[in-house]
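Asker: Position 235 (the sequence shown) corresponds to 234 in numbering that gives the first Met the number 0; numbering is contiguous. Built from N, CA and C at the ideal position, the CB exists for glycine as well. Since the model is a prediction, treat every value here as computed from it, not as a measurement. My structure is below; once you've seen it, I'll send some questions.
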Amino acid sequence: MVSALKHMKDATTLMSQEKNPMVCLIAPVHTKLLQNTESNTEDSPLVRDIKKAIHDDLSSRYTSEAEKSLLYTASALDPRFKALPFLSEEEREQTYGKVISEAASLEQEVRVEEETPEDNARTAAEVTSDTEEDQEKELPPPPPAKRSCTLHENLLGLAFTNQGRNLYFLKSPEPKSAYARAKDEMAKYRLALTPSLQEDPLHWWSVHQVLYPMIANVAKRYLCIPGSSVSAERVFSTAGDTVTAQRSTLKSEHIDQLVFLNKNVCVPDSGTDDEESDEDE
């Protein structure tokens, strides 16, 4: 029984961690548990029954298309699981395509929000003022003074000046669409070096968001989702341990401060170094 339940214990411990039990872990862990609970001829009848019960229960979970889409997208945005080896080739491409479409859509939404009516009115006013100033000018500006051409200009000027560049060289390419830029970022992101499983994906994105800004915006939407309710339930337990019968007169703001400090302050262990420093002082 211990051997049969070992993987379940490891998965429970992993998803119950205080730091970063994110939703991106669910799909890989779920797939791994299904693989580990498949029947084996070497198992005893008791172990085989335990594995079958676990496997049947897990197989009925996360079956809707909405749930699978959310879990697969979150795993694709975690640099540790971006290869999605637990999916078929078709499912992988669909997941990457969803991320690309969402990144392009988010980019357009941000651009529309930045272009406020005040900015449009200000731009129109600036254009109007510039036009009025041009109309107020009575005399045209004097023509530029002619200067003698050098040998470089006589020989190479047509090819290497701005006017000649339009004649002899290709024009600069048109700016890419948001979808094309998101597609390029996804291709580079998939080819990037995969970090170790111990690395924090949030820290990875904080370092690499400059390289993949559009994909990083989508990652912020998904990697903030907790994978379990354990952390939230621990907060209630901490508050219950803080407010006791002997401390029933604590104010609400003090309770908030004590719970915050309990979850966020790291107090170093006192050692000999601290004692020696105190003696020196």
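I'd like to know whether the C-beta atoms of TYR61 and HIS29 end up nearer to each other than 8 Å.
Answerer: On the sequence shown, position 62 is the one that residue 61 refers to. On the sequence shown, position 30 is the one that residue 29 refers to. The answer is yes: Cβ separation under 8 Å.
Asker: Would you kindly report the start and end of the unbroken alpha helix (DSSP H) that includes VAL258?
Answerer: Locating residue 258 in the sequence shown gives position 259, counting from the first residue. First-last of the alpha helix (DSSP H) with VAL258: 251–263.
Asker: Taking GLU232 as the reference, give the member of LEU86, LYS262, GLN245 and ALA191 with the closest Cα.
Answerer: Here the question's residue 232 lines up with position 233 in the sequence shown. Minimum Cα distance to GLU232 is reached at LYS262.
Asker: Considering only C-alpha positions, which residue in the set THR248, VAL234 and THR243 is nearest to LEU260?
Answerer: Position 261 of the sequence shown, counted from the first residue, corresponds to residue 260. The option with the nearest alpha carbon to LEU260 is VAL234.
Asker: Closer than 8 Å is the cut-off here; do at least three beta carbon pairs connect the stretch 182–199 with the stretch 88–108?
Answerer: Contact between the stretch 182–199 and the stretch 88–108 is present, because at least three Cβ pairs lie under 8 Å.
Asker: Taking the C-alpha atoms as reference points, what is the distance between VAL126 and GLN107?
Answerer: In the sequence shown, residue 126 corresponds to position 127, counting from 1. In the sequence shown, residue 107 corresponds to position 108, counting from 1. The pLDDT assigned to VAL126 is 46, lower than 50, so where the model puts this residue is not dependable; a value taken from the coordinates is nonetheless given after this. Answer to the nearest angstrom: the Cα atoms are 25 Å apart.
Asker: Would you list the residues sitting across from PRO225 in a DSSP beta bridge?
Answerer: Indexing the sequence shown from 1 puts residue 225 at position 226. Paired residues: MET21.
Asker: Identify whether GLN197 lies in helix, strand or coil by the three-state DSSP scheme.
Answerer: For the purposes of this step, residue 197 is identified with residue 198 of the sequence shown, where counting begins at 1. Looking at GLN197 - three-state DSSP - the assignment turns out to be coil, as it is neither helix nor strand.
Asker: HIS6 and ASN39 - do their beta-carbons sit closer together than 8 Å?
Answerer: Within the sequence shown, numbered from 1, the residue matching residue 39 stands at position 40. Within the sequence shown, numbered from 1, the residue matching residue 6 stands at position 7. Not in contact: ASN39 and HIS6 (Cβ atoms no closer than 8 Å).
Asker: Just tell me which of ASP183, SER68, ASP77 and VAL111 has its CA closest to the CA of SER205.
Answerer: Counting from one through the sequence shown, the residue named residue 205 turns up at place 206. Of the listed residues, the one whose Cα sits closest to SER205 is ASP77.
Asker: Over what stretch of residues does the alpha helix (DSSP H) that includes THR36 continue unbroken?
Answerer: One-based indexing of the sequence shown puts residue 36 at position 37. Neither: THR36 is in no alpha helix (DSSP H) and is coded neither H nor E.
Asker: Specify, as a first and last residue, the run of the alpha helix (DSSP H) that LEU69 falls within.
Answerer: In the sequence shown, counting from the first residue as 1, residue 69 sits at position 70. Segment 64–75, the alpha helix (DSSP H) holding LEU69.
Asker: By the three-class DSSP mapping on this structure, what secondary structure does ARG60 have?
Answerer: Locating residue 60 in the sequence shown gives position 61, counting from the first residue. Coil, per DSSP.
Asker: Please report the straight-line C-alpha distance between PRO194 and VAL229, rounded to a whole angstrom.
Answerer: Numbered from its first residue, the sequence shown carries residue 194 at position 195. Numbered from its first residue, the sequence shown carries residue 229 at position 230. If you take the alpha carbons of PRO194 and VAL229, they lie about 26 Å apart.
Asker: How long is the line joining the alpha carbons of ASN165 and GLU88, rounded to whole angstroms?
Answerer: Numbered from its first residue, the sequence shown carries residue 165 at position 166. Numbered from its first residue, the sequence shown carries residue 88 at position 89. In this prediction, ASN165 has a pLDDT of 49, which is less than 50 and means its spatial position is unreliable; what the coordinates show is noted afterwards. When rounded, the distance between both Cα atoms is 45 Å.
Asker: Where does GLN162 fall in DSSP's three states?
Answerer: To locate residue 162, count along the sequence shown from 1; it is residue 163. The predicted model places GLN162 with a pLDDT of 48, which falls under 50 and marks its position as unreliable; any figure quoted below should be read in that light. Helix.
Asker: Which whole-angstrom value describes the C-beta separation of ASP56 and LYS50, a residue pair presumed to lie in contact below a C-beta threshold of 8 Å?
Answerer: What you label residue 56 is simply residue 57 of the sequence shown in a count that begins at 1. What you label residue 50 is simply residue 51 of the sequence shown in a count that begins at 1. The Cβ separation is near 11 Å, so there is no contact.
Asker: Label MET21 either buried or exposed according to how many other C-beta atoms from any shown protein chain fall within 10 Å of its C-beta, with 16 as the threshold for buried.
Answerer: Here residue 21 refers to the residue found at position 22 of the sequence shown. By the neighbour-count rule (16 or more Cβ atoms within 10 Å), MET21 is buried.
Asker: Whose C-beta lies closer than 6 Å to the C-beta of ILE224 among residues of the same chain, with five residues either side of it excluded?
Answerer: Taking the sequence shown and counting its residues from 1, one reaches residue 224 at position 225. Excluding residues within five positions, the ones whose Cβ falls inside 6 Å are VAL22.
Asker: Are the beta-carbon atoms of TYR178 and ILE99 separated by less than 8 Å?
Answerer: As a first step, residue 178 is located in the sequence shown; it is residue number 179 there, counting from the start. As a first step, residue 99 is located in the sequence shown; it is residue number 100 there, counting from the start. Yes. Within cutoff.
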